[in-house]
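Undergrad: Submitted below is the structure of interest, expressed as C-alpha cells.
In the working numbering, the protein residues as written are 5 to 471.
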C-alpha cells in the first residue's frame, strides 16, 4: 500500500473516532444510568439490546465516514464534477436519451499559464473558465447541464439533443473566448463536438472528441472517411491482425534518377474486404496494446511475399515502442537471418525517448543484422531534429509540409539548413510526396539525396491476403 493510501486510512479512522466517541459516550451513559437506577427490575433482554445498539452504532458511523470519502462529486480545483462522477452520470444520460451531445472544451495554454504565473493562478483559471462557460450557456437558455474536469485543461459537458443543435453556438463561444481574460491572463480555448450518433459508448465518444480537436489544431480539413462504428472497428482490427488480412503496396524511391529502394504502405482489411487506412486503425492498435503483434505481422507478410525482389531494400514504418521491445527485437533478428531482402525501418514519435544510449545500442544491434534506420517528419516534430542530432541513423526524411508545391520555395532556407546538418553528420536526406514536374525540378536543385512521389513512380501491390 502506498503512503498516501496509508495516511488516508489513518485520517479516516481518526475522524470516525472523533465523531463516534460522543455518541458512544452518550449511549454508555444512558445504559449505565438505567442499570444503576433499575438494576433490580431490568431483564436480560435489555443488556442484549444495549449491546446490539452499541455495535450497530459503531458500524453505522464507520460506514458513513468511509463511504463519504469514497464518493466524491466535485473537483476541488475547478468546482465542476470529478471525472469519475461525470462519466457515471453521462453513461446514465446516454442510456436514457436517444440523442445526446458531448462537447470538449480545452484551455490550450494552461501549461504556459502554470509556468509563467504559477500553479495557483492556473487553478484559478480552471475555475473561472468553468464559470465563464456556464454563464455563456445560461445566456443561451441552457442550464443544469453536467460539466466535469477530465484532465489538465480539458472539460467535457453533456447536452440533450444532436450535434447540429449546438455547432453554431459552440463556434460563436470559441470566437467570443478570444476576448476572455482572467486577471489579465490570456486564455486560449479550443473545442470539439460529437454526439451519440457516432457511438452509444461514452469512451468512444470521448476519444473521438480529442481526435477531432487535434485535427482542428493541426489545421487538417481533409474530407472525412466513411465512419465506422468504433465497436466494429475494434473487431475488424483484431480479426485482421489475427488472420493477417492486409495488403502491402510499394512505391519506388530514387537516387539520381535510379531506383534505390521501395517504401511499403499497409492497409488492413475488414471481414467484408473493405480496406482500412492507418489513420483509422492505428489508434485502435495502440489502445488495445497490439503494436508489437501488428508490426511483426506486417514484417512477416513482407518477408514471405511472393512478389518481393531479392536483394532489394524495402522501407517499412515501425513503431519506436515496438523497436524497444525485447520480444520484438529477438523475433525480427531471427526473421532477418533467412531474409532474401534488406529492411529499412522508418521511425517517428512525438515524445522524446530520453535513454539515448540504450536507443543507440538497439539501433546498432539492428544495423549489425543489416537493417537501415530512417527518422521521419524532419522539420515538423521536434523529436526528429533531436534524433538527427543524437541517434546513429542512416536516413532522415522531411515532413510532407516541405514538399508541398505551394510552400517548398518559401521554405528553401530551412530545407537547405536541415540538408546541410544531415550531410555533416553523414546522414542521407529523403523527400517524399513530389507530385508534379515543377516541384521535382526545384527539389533537384536542393541536393537532397533521395526523392519519392507520384511524379516519379506509382504504387504497386505486392501482397494481399483475401478475406
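C-beta atoms are modelled at their ideal positions from N, C-alpha and C, and glycine is treated no differently.
What are the complete alpha helix (DSSP H) segments, minimum 4 residues, inside the stretch 165–207?
TA: 171–180, all fully within the stretch 165–207.
Undergrad: Between 287, 382, 317, 419, which lies nearest to residue 376 when the distance is taken from Cα to Cα?
TA: It is 317 whose Cα lies nearest to the Cα of residue 376.
Undergrad: Quick one: Cα of residue 409 to Cα of residue 351, how far?
TA: Roughly 25 Å separates the two Cα atoms.
Undergrad: Using only CA atoms, which one of 153, 271, 158 lies nearest to residue 218?
TA: Taking only the C-alpha atoms, the option nearest residue 218 is 158.
Undergrad: Return the first residue and the last residue of the alpha helix (DSSP H) that residue 335 is part of.
TA: 330–341 is the span of the alpha helix (DSSP H), which, as asked, contains residue 335.
Undergrad: Answer yes if the stretch 132–152 comes into contact with the stretch 82–94, meaning at least three C-beta pairs across the two stretches below 8 Å, and no otherwise.
TA: A contact exists between the stretch 82–94 and the stretch 132–152.
Undergrad: Looking only at DSSP bridge pairs, what is residue 263 linked to?
TA: Residue 263 pairs with 258.
Undergrad: Nearest chain B C-beta to residue 441 closer than 8 Å, yes or no?
TA: Going by chain labels, chain B is absent from the structure shown, which holds only one protein chain.
Undergrad: Where does residue 386 fall in DSSP's three states?
TA: Residue 386 falls in the helix class under three-state DSSP.
Undergrad: Where do the ends of the beta strand (DSSP E) carrying residue 321 lie?
TA: Counting along the chain, the beta strand (DSSP E) containing residue 321 begins and ends at 317–321.
Undergrad: Figure out for me which residue from 325, 341, 413, 463 has the closest Cα to the Cα of residue 362.
TA: Nearest option by C-alpha distance: 325.
Undergrad: By a C-beta neighbour count over all protein chains shown, 10 Å radius and 16 as the cutoff for buried, is residue 162 buried or exposed?
TA: Burial call: buried.
Undergrad: Can you tell me whether residue 234 is buried or exposed? The criterion is at least 16 other CB atoms within 10 Å of its CB, across all chains shown.
TA: Answer is buried; the Cβ neighbour count reaches 16.
Undergrad: Is it true that the CB of residue 368 sits closer than 8 Å to the CB of residue 2?
TA: No answer is possible for residue 2: the residues shown for the chain start at 5 and end at 471.
Undergrad: Could you tell me the alpha carbon to alpha carbon distance between residue 4 and residue 204, rounded to whole angstroms?
TA: What is shown of the chain runs 5 to 471, which leaves residue 4 out entirely.
Undergrad: So residue 412 and residue 357 are in contact, right, with Cβ under 8 Å, and what is the actual spacing, rounded?
TA: Actually they are not in contact, since the Cβ atoms of residue 412 and residue 357 sit about 30 Å apart, beyond 8 Å.
Undergrad: Just reading off the beta strand (DSSP E) that residue 432 is part of, what are its end residues?
TA: Counting along the chain, the beta strand (DSSP E) containing residue 432 begins and ends at 432–435.
Undergrad: May I ask which residues mark the beginning and end of the beta strand (DSSP E) holding residue 464?
TA: Run containing residue 464: 464–468, per the beta strand (DSSP E) assignment.
Undergrad: Counting Cβ pairs, one atom from each stretch, are 3 or more of them under 8 Å apart for the stretch 111–118 and the stretch 50–63?
TA: Segments in contact, no.
Undergrad: Look up residue 2 in the DSSP assignment and give the residues it is bridged to.
TA: Residue 2 falls outside the range modelled here, since the chain spans only 5 to 471, and no answer is possible.
Undergrad: Name the one or two DSSP bridge partners that residue 348 has.
TA: Paired residues: 319, 376.
Undergrad: Excluding sequence positions up to five away, which residues of its chain have a Cβ less than 8 Å from the Cβ of residue 459?
TA: Excluding sequence neighbours, residue 459 sits near 438, 439, 440, 441, 443, 444.
Undergrad: Which residue from 343, 257, 450 puts its Cα closest to that of residue 472?
TA: Residue 472 cannot be examined here, being either before or after the span of the chain that is shown, 5 to 471.
Undergrad: Can you look up residue 452 in the DSSP assignment and give me helix, strand or coil?
TA: The answer is coil: DSSP assigns residue 452 none of H, G, I, E or B.
Undergrad: Count the other CB atoms, across all protein chains shown, that sit within 10 Å of the CB of residue 456; report buried if there are 16 or more and exposed otherwise.
TA: It is buried - the Cβ of residue 456 has at least 16 other Cβ atoms within 10 Å.
Undergrad: Closer than 7 Å by C-beta to residue 104: which residues in its own chain qualify, once you throw out the five before and the five after it? Chain order, please.
TA: So the list reads 97, 98, 162, 164, 199, 200, once near-sequence residues are dropped.
Undergrad: Determine which residues share a DSSP beta bridge with residue 105 and list them.
TA: In DSSP, residue 105 forms a bridge with 163, 199.
Undergrad: From the DSSP output, in three-state form, read off residue 83 for me.
TA: Correct three-state label for residue 83: coil.
Undergrad: Which two residues bound the contiguous beta strand (DSSP E) that contains residue 155?
TA: Note, residue 155: beta strand (DSSP E), 151–155.
Undergrad: Would you report the Cα separation of residue 241 and residue 268, rounded to the nearest angstrom?
TA: About 19 Å.
Undergrad: Within a Cβ cutoff of 6 Å, which residues of the same chain sit near residue 398, ignoring the five residues on either side of it in sequence?
TA: Answer for residue 398: 376, 377, listed in chain order.
Undergrad: Mind reading off the beta-carbon distance from residue 250 to residue 272? Whole number of angstroms is fine, and I expect it under 8 Å.
TA: 5 Å between Cβ atoms; contact.
Undergrad: Quick check on residue 252: does DSSP put it in helix, strand or coil?
TA: If DSSP states are grouped into helix, strand and coil, residue 252 belongs with the strands.
Undergrad: Can you tell me whether residue 78 is helix, strand or coil according to DSSP?
TA: Residue 78 falls in the strand class under three-state DSSP.
Undergrad: Could you spell out the range, first to last residue, of the alpha helix (DSSP H) harbouring residue 324?
TA: First-last of the alpha helix (DSSP H) with residue 324: 324–327.
Undergrad: Grab me the residues of residue 245's own chain with a C-beta within less than 7 Å of its C-beta, minus the 5 sequence neighbours each way, in chain order.
TA: The answer, listed in chain order, is 294, 297, 298, 301.
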